[in-house]
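Working notes, structure below.
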Amino acid sequence: MEILLVASAFNSLTQRVYAELSDRRHRVEVVLATHGDDEVRRAVRDVRPDLVVAPILRTALPKDVWTEHTCLVVHPGPPGDRGPSSLDWAIAGGGTRWGVTVLQAEEDMDAGPVWASVPFDVVPAGKSDLYRNEVADAAVAAVLLAVERYAGGTYEPRPQDDDPDADVTWRPAFRQEQRRIDWDTDTTATVLRKLRAADSRPGVLDELCGAEVFLHGGHPEDRLRGSPGELLATRTGAVCRATRDGAVWIPELRARRRPGGPPTFRLPATHVLGPRRLAGVPEAPVAPELAAGRRTWSDIHYRQDHDVGFLRFSFPGGAMSTGQCRRLLDAYRHALTRPTRVLVLGGARDFFSNGIHLNVIEAATDPAAESWANLNAMDDLVEAVLRTTDRLVVAALAGNAAAGGVMLALAADQVWCRAGAVLNPHYRRMGLYGSEFWTYTLPHRAGPATTERLMTEALPVSAATAVRLGLADRLVTASPQDFAAETERLAAQLARSPDLDRAVTAKQARRARHEADRPLDDHRRAELAEMHRIFFDPHAPYHALRSAFVRKQADGSPRPLTAPRTLYTPRRP
C-alpha cells in the first residue's frame, strides 16, 4: 500500500514505523505536522495515500484529511485512555502495565474506534527509554496489525464506548506543579518516579544552587546520604542529591529559558551549574568494575564472566562527548588487559551510541574546536576497537544507533542487534562528510554500491534490514528487559565455540591484508581532512543544522524522507 506517515517529529518511533512498514514492502512517505496543516494537505495530494498513519502527533489532523481518508493515530495508552500526557500519568502513578492503541481519527482526540491495541510492561526506566523500547515495540506491533486489518478490508474497528474492557478516562496535561519534588518529604522512590515521568521532556523544574533548572534523569544511590535536598557529590558530569531516605543521581540539567531568549537544551549537570556553584562539592568517582556490583549511577561498567568481558556504557541520549569518549577508551584499554576471549560492548538497554555530543558542542565557547576534539576522541575509540586482534569483539545493540555510533559498532567483529533497534548509518542530514573509519568499515561490510546508497539517501534502516545489508550479523529477538541476559548467553556460547581460535586467527590475517591494501591511518587522515573543512567553515550548513537540532527548531524540511540537499561532495570510499 501507499502509506503516508504524519508525525510531529521524525523521531525514533516515526523512524521505526517507517522502517518496519518499508520492510513489508509498503511505499512510505513522511510529512511533519509541525510545518502546518497546509503541508499535511499538500503531502496528501502528492502521495494520494491508501492509508494515513500518525505515529506521534501533538496536534490534531486537519478535519478535511481525516474525513476524506482513513487516518490511524497511535496513542500511548490502552483503549479508553485519553489525553496528551498518557505515559507521564502511567509512570508517575507507579503502574506496571499499560498499552498502546491505534485508533481512527475523529473530531474528539483519542476517542475514535480502535483498530488494534497491544499491552506492555512499565519497567523502572525513564519515559524516553520506555518510549523508545517497550512503547515502540507495542506501537509497531499495533500499527502492523492495524495495517493488516485495514488491507484485509473486512475488519470493523470497535468503538471505545461500546467496549466493556475500555476504561474511558480523560487525563489532562501533566503540569509542573504535579511534577514538583518536595525534597523534605518525598521518598527516594517518589523522587525517582517524578524524575522518570519527566525524562527527557519536559524535565522537573527545580531550584539548585540558586539556579532555576529542569532536572533530567534519575538513578538511585546506595551509599551517599545527607540532608534532604543537599548536593552530596558529582560524578563524571552528574550530581547526587539527598532525599529523605536516600539519594538520587541526576545526570543532566536544562537551564530555564529566559524571556525572549533562545530555547535551552540538556547538558551534563555540572556543565550547567559550573564550578562556582559546585565549590566544595566533592567528586565521587567509581571504577567501572566496582560500579557493576553496586546500585549507583555510572555511565560505564565492566564485568567479567569466565572468558567473556562485558563493557557496558549508557550515555544520556546516546551522545558521547570528548570526555565520555576518552573515559570509554580508557575502560576499553583496561578491558583488554583482562584474560577474556570475547569482549562485548554496549548497554543493557536503550541507545548504543549516536556519535559525537552535539549539545555539548553547541554550548562550547568554540563549537568548531569542540567538534574537532570530540571527533578525534571518537576516532581514537573506534580505532582501538579496529586494531584489537587478540580476541573477538561483539557490539551488542540493545537500541538505536546513528552516525559515528553505527561506525563504532561496525568496528567490532560481530554486530548483534535487538530486533527493535533502528540504525541511521549516515551523516548527511547534519551536513557532515563523516569519520570514524566509515570509508573502511561500511564498504567491507555492505559493499561499495550499498555504502554509497546508505550515505546519500540518509534513511533509517531496521535491525532486520541491517542484517540483510551486512551491517549486522545477528538479530536478537528479545524484549528490552531480556536483551542483556540473552547477549550474555550468546557470548558465553561464542566463547566456548571450538572455532573461536580459528576465527581470531582469520581476523588477524584479514586485518593485516586490509592494512597492506590501505592503512587505517590513511582512511582517518582523508576523513578528518573533509571534517576539518566543514567544522572550521563558519558558513557550512553543519553549524545551522546542529543548532536547530539541539534546540529542537524546525530545519525547513517538512518531508524528511526526500533526498537531502547537497551538503557536501561525496567521495567514493
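Just add 2 to wherever you are in the sequence shown, counting from 1, and you've got the numbering used here.
Beta carbons are placed, not taken as given, at the ideal position from N, Cα and C, and that holds for glycine.
Identity of the residue in the options nearest residue i by Cα
| i | options | result |
| --- | --- | --- |
| VAL42 | SER24, PRO230, ALA466 and VAL67 | VAL67 |
| VAL104 | ASP123, LYS129, THR72 and ALA94 | THR72 |
| LYS509 | GLY433, GLU136, VAL395 and ALA371 | VAL395 |
| GLN178 | THR467, LEU197, THR187 and ARG160 | LEU197 |
| ALA460 | PRO427, TYR152 and GLU372 | PRO427 |
| PRO277 | THR266, GLY263 and VAL241 | VAL241 |
| ALA213 | LEU280, HIS525 and ARG447 | LEU280 |
| TRP440 | GLY406, ALA127, ASP165 and ASP503 | GLY406 |
| PHE267 | ARG553, PRO560 and PRO562 | ARG553 |
| HIS308 | THR16, THR298, VAL116 and PRO341 | PRO341 |
| LEU584 | PHE176, LEU410 and ARG151 | Summary: the structure shown does not reach residue 584, with the chain confined to residues 3 through 575, and so no result is reported for it. |
| THR36 | LEU59, ASP48, ARG27 and VAL387 | LEU59 |
| LEU226 | PHE315, GLU70, VAL283 and SER549 | VAL283 |
| GLY433 | PRO261, ALA375, THR458 and GLY128 | THR458 |
| TYR152 | ALA107, LEU207 and LEU74 | LEU74 |
Buried versus exposed call for residue i [16 or more other C-beta atoms within 10 Å across all chains shown]
| i | result |
| --- | --- |
| ASP415 | buried |
| GLY38 | exposed |
| ARG182 | exposed |
| LEU425 | buried |
| TYR570 | Low local confidence applies: a pLDDT of 49 at TYR570 is under 50, so the model's placement there is unreliable, and no value is given. |
| VAL32 | buried |
| HIS303 | buried |
| ARG100 | Position check: residue 100 holds Trp in this sequence, whereas Arg was assumed. Buried, by the Cβ-count rule. |
| TRP172 | exposed |
| ARG243 | buried |
| THR568 | Reliability fails at THR568, whose pLDDT of 48 lies under 50, so the model's placement of it is uncertain and no value is given. |
| ASP83 | buried |
DSSP state of residue i mapped onto helix, strand, coil
| i | result |
| --- | --- |
| THR272 | helix |
| PRO572 | Residue placement at PRO572 is flagged as unreliable, the pLDDT there being 48, under the threshold of 50; a coordinate-derived value is accordingly withheld. |
| PRO174 | coil |
| SER88 | helix |
| PHE551 | helix |
| PRO78 | coil |
| SER202 | coil |
| GLY263 | coil |
| ILE358 | strand |
| GLN306 | strand |
| ASN426 | strand |
| SER437 | coil |
| ARG476 | strand |
| ARG520 | coil |
| ARG50 | coil |
| ALA404 | strand |
| ARG512 | helix |
| ALA141 | helix |
| ALA56 | strand |
| ARG340 | coil |
According to DSSP, residues forming a beta bridge with residue i
| i | result |
| --- | --- |
| ALA397 | LEU347 and VAL417 |
| THR236 | VAL241 and GLU285 |
| PHE216 | LEU207 and ARG256 |
| SER323 | The partner list for SER323 (beta bridge, DSSP) is empty, contrary to what the question assumes. |
| GLU31 | LEU6 |
| LEU105 | VAL75 and VAL116 |
| TRP68 | DSSP output for TRP68 lists no bridge partner at all. |
| PRO121 | GLY101 |
| PHE315 | ILE302 |
| PRO222 | VAL250 |
| ASP83 | THR171 |
| VAL463 | LEU425 |
| VAL193 | BP columns for VAL193 are empty, so no partner. |
| ARG504 | In the DSSP output, where bridge partners are listed per residue, ARG504 has none listed. |
For residue j and residue i, believed in contact at Cβ under 8 Å, the rounded distance
| i | j | result |
| --- | --- | --- |
| ILE5 | LEU34 | Their Cβ separation, rounded to whole angstroms, is 16 Å, which puts ILE5 and LEU34 out of contact at 8 Å. |
| ALA235 | GLU285 | 7 Å |
| ARG420 | ALA465 | 7 Å |
| LEU522 | VAL344 | Between VAL344 and LEU522 the Cβ distance is about 23 Å, and since that is not below 8 Å, they are no contact. |
| MET380 | GLU291 | Between GLU291 and MET380 the Cβ distance is about 24 Å, and since that is not below 8 Å, they are no contact. |
| GLY239 | PRO270 | 3 Å |
| LEU456 | ALA468 | LEU456 to ALA468, Cβ: 10 Å. No contact. |
| LEU194 | GLY220 | 5 Å |
| PHE485 | ARG351 | 6 Å |
| TRP185 | PRO230 | 4 Å |
| PRO318 | ARG237 | Contact doesn't hold; Cβ gap of about 13 Å is too wide. |
| VAL8 | LEU89 | About 20 Å separates the two Cβ atoms, so there is no contact after all. |
| LEU275 | LEU377 | Going by Cβ atoms, the distance from LEU275 to LEU377 rounds to 27 Å, so no, they are not a contact pair. |
| LEU347 | ALA398 | 7 Å |
| ASP112 | HIS77 | 5 Å |
Contact with chain B by residue i, beta-carbon distance below 8 Å
| i | result |
| --- | --- |
| GLY38 | Absent from the structure is chain B; it holds one protein chain and no more. |
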